[in-house]
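Chemist:
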Amino acid sequence: MNYDAITLHGQNSTLILKTGPAPEIVYWGERVNAQLHVNDISPITRAVPHGRLDLDVPLTLSPEHGRGMFSSPGLEGHRNGYDWSPVFAFHSLEQNGNSLKIITEDTIAGLKLVIDLILDPATDVLQIRHTLTNMKPDPYQVDRFAVTLPLPERADELLAFHGRWVREFQPHQINLKHGSYQQENRRGRTSHEHFPAFIQGSTGFNEQQGELWGFHFGWSGNHRLRSDVKTDGRRFMQAEALYFAGEIQLAENESVSTPLIYATYSQHGLNAMSHAFHQFVRQQILHFPVNKPRPVHLNTWEGIYFQHDPAYIMQMATQAARLGVERFIIDDGWFKGRDHDRAALGDWYLDEKKYPDGLEPVVNHVRALGMEFGIWVEPEMINPDSDLFRAHPDWLLAVPGYHQPTGRNQYALDLQNPAVFAYLLERLDDLLSRYDISYLKWDMNREIVQPGHDSKAAITGQTQAVYRLFDEIRTRHPLVEIESCASGGGRIDFEVLKRTHRFWTSDNNDALERQQIQRGMSYFFPPEVMGSHIGSAHCHSTARSHSIAFRGLTALFGHMGVELDPVKENAEEQAGFAHFIALHKQLRPLLHSGKVVRIDHHDPAMMINGVIAADQTEAVFLISQLTMPTYSLSGSLRLPGLQADKNYCLTVLEKPARFDGGVMKTQPQWLTQDETILSGEWLAKIGIALPVMDPESAVLLQFKLV
Ligand code: GLA
1 MNYDAITLHG
11 QNSTLILKTG
21 PAPEIVYWGE
31 RVNAQLHVND
41 ISPITRAVPH
51 GRLDLDVPLT
61 LSPEHGRGMF
71 SSPGLEGHRN
81 GYDWSPVFAF
91 HSLEQNGNSL
101 KIITEDTIAG
111 LKLVIDLILD
121 PATDVLQIRH
131 TLTNMKPDPY
141 QVDRFAVTLP
151 LPERADELLA
161 FHGRWVREFQ
171 PHQINLKHGS
181 YQQENRRGRT
191 SHEHFPAFIQ
201 GSTGFNEQQG
211 ELWGFHFGWS
221 GNHRLRSDVK
231 TDGRRFMQAE
241 ALYFAGEIQL
251 AENESVSTPL
261 IYATYSQHGL
271 NAMSHAFHQF
281 VRQQILHFPV
291 NKPRPVHLNT
301 WEGIYFQHDP
311 AYIMQMATQA
321 ARLGVERFII
331 DDGWFKGRDH
341 DRAALGDWYL
351 DEKKYPDGLE
361 PVVNHVRALG
371 MEFGIWVEPE
381 MINPDSDLFR
391 AHPDWLLAVP
401 GYHQPTGRNQ
411 YALDLQNPAV
421 FAYLLERLDD
431 LLSRYDISYL
441 KWDMNREIVQ
451 PGHDSKAAIT
461 GQTQAVYRLF
471 DEIRTRHPLV
481 EIESCASGGG
491 RIDFEVLKRT
501 HRFWTSDNND
511 ALERQQIQRG
521 MSYFFPPEVM
531 GSHIGSAHCH
541 STARSHSIAF
551 RGLTALFGHM
561 GVELDPVKEN
571 AEEQAGFAHF
581 IALHKQLRPL
591 LHSGKVVRID
601 HHDPAMMING
611 VIAADQTEAV
621 FLISQLTMPT
631 YSLSGSLRLP
641 GLQADKNYCL
651 TVLEKPARFD
661 GGVMKTQPQW
671 LTQDETILSG
681 EWLAKIGIAL
691 PVMDPESAVL
701 LQFKLV
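So the sequence shown is numbered by UniProt numbering: it starts at 1 and just counts up by one.
Okay, here's the thing in structure tokens:
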């Protein structure tokens, strides 16, 4: 029997899918312009080698052992020991432009598997989700359920991210010739440790060159991602929500869906991949309530911690407004009994000892200064020392009878318990209705251990319940923006971003560390959702000190804020905050809409990144010297992406106070001129000589079409 071959095109990529005998992607790569029909794919009909099964075994979107595929199957489950090895036959296809719904069934096992796939024609981002339905009366137990995507044999290099609290998004690269790479997240939130993504491509891909495929799994709970090289040389990647034993059981006609996997093909390195993901996020994931510039923040946490004195906070707000801050957020410490991190989570009532006149005077003061008001919450958590716990010790996400270890002295609440959900919804709704709050910093500071609901494993349901709580709050308060913060960096993914508007990238405000963390995050997320704050000169998480210039320039390329007590800072620091806030405001229309470019540089001690306007009329680039230059000269900087036949005026917006006097005796000539005119072609091919820079310093360049 001949099955259909369906061709989907993006701007830069083409995907060819064969619907039967089971749905298989037979090509996904560089755009092919020819019109294809099923017969045209006969040149890629595979051989059958000796020494194995007598037939060709397709590598489908859900590999099946029963079809003769010996690798990790797409589905593992059973019905009390039966129906454990399903084989799904193509049933029907619905196509609507670039969007496909492929229905397959196994009538023996009584299961239906539906594949929803869409290749976004505008951005080249592919989204896939599988849904399994139980068609028989007896319950079906699902142990694993994954989406599988093929990769070509040449994609032998893999870039993934490791991390930890205060050091997120650290890249590591491995060469994969045999066997597999696997990452498992069992921490109950997206996690600092296992960002759900990886990139795979042909050897040597880098920022500006090479063929690669990027994957991000949009899920804020447990996951398993893997990449395999089969013994026949074929490759595939697999992504799934990681279920604990017994978590997913389907009654008759009940379904379970995988989260969405987002993937894109790039022919031109990591920059082109990021461009696709950023455009996709801007067009399809992000929903800002009002289309306005991202307001500059002041967040009180590192400024005052738990010391809330309304009169002093108002002084901080006054000073913040003078500096140009547009949104003032009071962090942890405002609610009843919250004097330290050992008590009160769950008691979401204003602390009347700290705020005897209520919160209104503070909110009104902030609003009168022309700023928005924001507040911190951590709804999913509870301290054992809280009125809520004393009243409802049974509200925990736990298995009764076992000891739950605390994390930051707290436990998680079971959001699948309707009473818990209703309580949190009522408290948050009350908070947002009572005060003029336009921003919530939504934290989640503990990893989840032994998550039990009615004694059964429940992390998938908990993750979905958290999404429901976000959704319900957003329905009731559609104008409120939300920040996803889980100890900074612990819940960063596309699915939570559908419900939120900014990430707190890391609890680490050390500019040197931030350079690397922000670069890692920039592969998948555009600058406008990346919270980046100027911290005080003496960094709280590393005890290192940096100049205001290095801190300001590092915070510039995200959604900017300051994280300190502006009242206590000296005049020089204050002037610095005001200066970099003003600079950010001037540049943010470009930074928050343009194309992010990371430059490959031969010396890892230097990091160069920039943003080019969509219409190529302007660009800004930051040259950061992280550690001591490896060589006594830093070479040249070639900047691609501007219009070759147009001239640009290069101006130096910022350079270090001590520039020539450290490792450099004399600056390159262009750095001493007010402006230099260069063509886009010159910049791309010949470039400009780089200065030799002291460690922990940066230069900011601007290019404007003449
Ligand atoms: C987490 C956040 C911080 C701050 C504290 C408050 O660590 O990441 O930014 O809000 O909680 O307790």
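Just so it is clear, CB atoms sit at the ideal spot from N, CA and C, and this is done for glycine as well.
Note that the structure is predicted; figures quoted are calculated from it, not measured.
#1: Ignore the nearest five residues each way along the sequence and tell me which others in I581's own chain have a CB closer than 8 Å to its CB.
#2: Start and end of the beta strand (DSSP E) containing I548?
#3: List in chain order: all unbroken beta strand (DSSP E) runs of 3+ residues lying wholly within the region 356-422.
#4: So the candidates are M664, Q95, Q667 and N609; which of them puts its Cα closest to the Cα of P640?
#5: For a test of the three-state rule: what should DSSP assign to F470, helix, strand or coil?
#6: Could you compute how far the alpha carbon of H392 sits from the alpha carbon of L431?
#7: On the CB-based measure, 16 or more other CB atoms within 10 Å of its CB, does V706 come out buried or exposed?
#8: How would you write the range of the beta strand (DSSP E) that T651 sits in, first residue to last?
#9: Is there at least one non-hydrogen atom of the ligand GLA closer than 7 Å to the beta-carbon of A485?
#10: Pull up the CB-CB distance for E247 and H223, whole angstroms please, since I reckon it's below 8 Å.
#11: Quick check: the region 4-14 against the region 22-37, are there 3 or more CB pairs under 8 Å?
#12: When the distance is taken between beta carbons, is L388 closer than 8 Å to Q448?
#13: Can you name, in chain order, every residue of its own chain whose Cβ lies under 7 Å from the Cβ of R186, other than the five neighbours on each side?
#14: Considering just the uninterrupted stretch of the alpha helix (DSSP H) at S522, what are its terminal residues?
#15: Suppose the cutoff is 6 Å on Cβ atoms and the five residues either side in sequence are ignored; what does the same chain contact list for L17 look like?
#16: Kindly list the residues whose CB is nearer than 8 Å to the CB of I313, restricted to its own chain and excluding five residues on each side of it in sequence; keep chain order.
#17: Just to check, is the beta-carbon of residue 719 closer than 7 Å to a non-hydrogen atom of the ligand GLA?
#18: Determine, using beta carbons only, whether H158 and F198 come nearer to each other than 8 Å.
#19: Return the Cβ separation of L637 and I623 in integer angstroms, given the expectation that the two are a contact with Cβ distance under 8 Å.
#20: Suppose the cutoff is 8 Å on Cβ atoms and the five residues either side in sequence are ignored; what does the same chain contact list for L417 look like?
#21: Under the criterion of a Cβ to heavy atom distance below 7 Å, does W219 qualify as lining the ligand GLA?
#22: Would DSSP call P196 helix, strand or coil?
#23: Out of A457, S227 and A698, which has the shortest C-alpha to C-alpha gap to A155?
#24: Among residues of its own chain, excluding the 5 on either side of H592, which ones have a beta-carbon nearer than 7 Å to its beta-carbon?
#25: What is the C-beta distance between F373 and D436, in whole angstroms, given that I count them as a contact (C-beta under 8 Å)?
#26: Do L369 and P566 have their CB atoms nearer than 8 Å?
#27: So what does DSSP say about P121, is it helix, strand or coil?
#28: Determine contact between the region 536-548 and the region 567-586, defined as no fewer than three beta-carbon pairs at a distance below 8 Å.
#29: Return the CA-CA distance between E513 and H172, expressed in angstroms with no decimal places.
#30: Please go through the same chain and pick out, in chain order, the residues whose beta-carbon is closer than 7 Å to the beta-carbon of E378, but skip the five residues on each side of it.
#31: So the alpha helix (DSSP H) V496 belongs to, where does it begin and stop?
#32: Quick one: what's got a C-beta closer than 6 Å to G333's C-beta in the same chain, skipping five residues either side?
#33: Specify whether the region 205-218 and the region 260-272 touch according to this definition: at least 3 beta carbon pairs, one from each stretch, less than 8 Å apart.
#34: Is the region 278-292 touching the region 138-156 in the sense that three or more CB pairs, one from each, lie closer than 8 Å?
#35: For T131, I'd like the list of residues in its chain whose CB is within less than 6 Å of its CB, leaving aside the five on either flank, ordered along the chain.
Modeler: Taking the geometry as given:
#1: V296, L323, G324, V325, M560 and V562
#2: Unbroken run through I548 is the alpha helix (DSSP H), I548 to L556; no beta strand (DSSP E).
#3: 372-377
#4: N609
#5: helix
#6: 21 Å
#7: exposed
#8: N647 to E654
#9: The question names Ala, but residue 485 is Cys in the sequence shown. C485 Cβ: within cutoff of the ligand GLA.
#10: Not a contact, Cβ separation roughly 13 Å.
#11: yes
#12: Checking the sequence, you will find Ile at residue 448 rather than Gln. Cβ atoms of I448 and L388: not closer than 8 Å.
#13: N222 and L242
#14: A511 to S522
#15: I6 and I25
#16: T300, I304, I330 and V362
#17: No answer is possible for residue 719: it lies beyond the span of the chain, which begins at 1 and ends at 706.
#18: Rather than His, the amino acid found at residue 158 in this sequence is Leu. Yes, the pair counts as a contact, with Cβ atoms nearer than the cut-off.
#19: 7 Å
#20: Reading off the sequence, residue 417 comes out as Asn, not Leu. So the list reads W395 and H453, once near-sequence residues are dropped.
#21: no
#22: coil
#23: S227
#24: R294, P527 and E528
#25: 6 Å
#26: no
#27: coil
#28: yes
#29: 16 Å
#30: L345, D443, M444 and N445
#31: F494 to L497
#32: F306 and H308
#33: yes
#34: no
#35: V114, S255 and S257
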